[in-house]
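Since the structure comes first, as structure tokens, the remarks are kept for the end.
Chains as they are written, first to last, in the working numbering: chain A, 1 to 153; chain B, 154 to 311.
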């Protein structure tokens with residue numbers, strides 16, 4: 001009886017430990033630590049604009065981290081909301097979307113608080129930097145992520 | 154039948170029973186259930202993050218495979234006889250999470266195997282699933298009605 005407990009606790013401990021080590025790239029560990037990723041734009045001339053979008057997003061008190069990807073027409077905003085403010089997540093998303101639409105009326109915004117979307121945005125940023133992606137590749141991946149964010153159970 | 158007042162002998166017996174009855178350690182049960190249930194949910198969260206991290210699941214869609222994995226683990230543990238011990242130790246802490254459902258399914262399947270596969274295992278395996286579906290659907294219905302009323306009346310339309 002006693003032995004069982006030692007096994008169970010040991011296995012849990014190992015799982016938890018391993019889940020911490022599993023990341024290759026520090027930037028990809030955006031679940032546990034704050035990475036503050038740089039915003040990326042598909043078109044190089046949009047880089048000033050995407051920085052402005054990021055500042056607008058971070059002007060919200062409830063949001064502490066954001067990854068912004070600006071495409072040709074679409075813009076993906078992945079946000080992380082402070083833990084105790086997550087009860088009002090839907091309202092915050094709505095408010096943010098409205099404000100972004102007022103400031104940048106030309107773009108089509110997709111706001112998501114999903115961790116997966118944030119992770120994929122950070123991964124996209126890393127791969128763009130490391131592999132020198134072309135505009136088409138970036139746009140294609142962006143569309144894939146937007147499609148993923150709209151998936152329902 | 155039950156409406157008659159208790160006779161003096163019955164009252165005496167009640168007092169005797171009260172004296173010898175073991176006191177239930179409610180506080181201890183609550184604390185143990187809290188921590189064991191929390192540990193199960195922590196494992197579930199880790200599995201959920203595993204699916205988000207290595208597969209193409211979002212936080213929204215990762216719930217389904219996570220639940221399936223948790224039930225699968227609980228079934229294995231029940232088959233090996235470990236989950237019964239956890240249940241004895243933790244009570245509600247092991248019964249309330251979804252693993253308790255897996256335990257109920259597989260333990261009744263083991264129990265009724267002697268009665269044959271169709272009428273024994275097949276008929277009794279989902280005995281608990283019936284009440285889960287009934288009360289799950291009913292409580293979801295009640296919650297949806299309350300939500301609709303609040304949204305319609307107090308927050309002014311959708």
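Using N, Cα and C, we set each Cβ at its ideal position, and we do this for glycine too.
Contact between the region 205 to 213 of chain B and the region 261 to 276 of chain B (3+ Cβ pairs under 8 angstroms): no
Identity of the residue in B:202, B:256, B:239 nearest residue 115 of chain A by Cα: Checked all of B:202, B:256, B:239; the closest Cα to residue 115 of chain A is B:202.
Option nearest residue 258 of chain B by Cα separation, candidates B:283, B:243, B:244: B:283
Secondary structure, alpha helix (DSSP H): runs of 4+ residues fully inside the region 155 to 212 of chain B: 161 to 173, 179 to 207
The region 66 to 82 of chain A in contact with the region 37 to 48 of chain A per 3-pair CB rule at 8 angstroms: yes
Cutoff 9 angstroms: residue 185 of chain B Cβ touching any chain A Cβ: no
Spatial distance of residue 276 of chain B from residue 236 of chain B (CA atoms): 23 angstroms
Cβ neighbour criterion (16 or more within 10 Å) applied to residue 79 of chain A: buried
Continuous beta strand (DSSP E) assignments of at least 3 residues falling wholly in the region 41 to 100 of chain A: 63 to 70, 74 to 81
Boundaries of the beta strand (DSSP E) in which residue 109 of chain A is found, first to last residue: 108 to 112
Contact set between residue 114 of chain A and chain B, taken where Cβ atoms lie within less than 8 angstroms: 211, 212, 213
4-residue-minimum alpha helix (DSSP H) runs that sit fully inside the region 212 to 268 of chain B, ordered along the chain: 216 to 233, 235 to 243, 245 to 248, 251 to 264
Contact with chain A by residue 177 of chain B, beta-carbon distance below 9 angstroms: no
CB of residue 74 of chain A within 9 angstroms of CB of residue 35 of chain A, strictly: no
Whole-Å CB distance - residue 226 of chain B paired with residue 189 of chain B, under 8 angstroms assumed: Going by Cβ atoms, the distance from residue 226 of chain B to residue 189 of chain B rounds to 14 angstroms, so no, they are not a contact pair.
Minimum Cβ-Cβ distance from residue 148 of chain A to chain B less than 9 angstroms: Answer yes: the Cβ-Cβ gap between residue 148 of chain A and chain B drops below 9 angstroms somewhere.
Residue nearest to residue 280 of chain B in terms of C-alpha spacing, selected from B:161, B:175, B:176, B:265: Taking residue 280 of chain B as reference, the option from B:161, B:175, B:176, B:265 with the minimal CA-CA separation is B:265.
Residue 277 of chain B (DSSP reduced to helix, strand or coil): For residue 277 of chain B, the secondary structure class from DSSP, reduced to helix, strand or coil, is helix.
Closer than 8 angstroms at the beta carbon, the chain B residues around residue 64 of chain A: Taking the beta carbon of residue 64 of chain A as reference, no residue of chain B falls within 8 angstroms; the closest one sits roughly 17 angstroms away.
Neighbouring residues, chain A, relative to residue 235 of chain B (Cβ below 7 angstroms): 4
Beta carbon of residue 106 of chain A nearer than 9 angstroms to that of residue 60 of chain A: no
Closer than 9 angstroms to chain A by CB, residue 192 of chain B: yes
Residues near residue 137 of chain B in its chain [Cβ-Cβ closer than 7 angstroms; skip 5 each side]: The shown model of chain B, from 154 to 311, leaves out residue 137 of chain B, and the question about it has no answer.
Contact belief for residue 251 of chain B with residue 222 of chain B at Cβ below 8 angstroms, rounded distance in angstroms: At roughly 10 angstroms, the Cβ-Cβ gap does not stay under 8 angstroms, so residue 251 of chain B and residue 222 of chain B are not in contact.
Rounded straight-line distance, which links the Cα of residue 187 of chain B to that of residue 89 of chain A: 27 angstroms
Cross-chain neighbours of residue 205 of chain B in chain A, by beta carbon under 8 angstroms: 115, 116, 119
Start-to-end residues for the alpha helix (DSSP H) that takes in residue 136 of chain A: Unbroken alpha helix (DSSP H) run through residue 136 of chain A: 135 to 149.
As assigned by DSSP and simplified to three states, the class of residue 298 of chain B: helix
Same chain, Cβ closer than 7 angstroms to residue 81 of chain A, five either side skipped, listed in chain order: 62, 63, 89, 92, 113
Chain A within 9 angstroms of residue 199 of chain B, Cβ atoms only: yes
Neighbour flag for residue 12 of chain A against chain B, beta carbons, 9 angstroms: yes
Neighbour list for residue 196 of chain B in chain A, Cβ cutoff strictly below 8 angstroms: Close to residue 196 of chain B, with beta-carbon spacing below 8 angstroms, are these residues of chain A in chain order: 12, 15.
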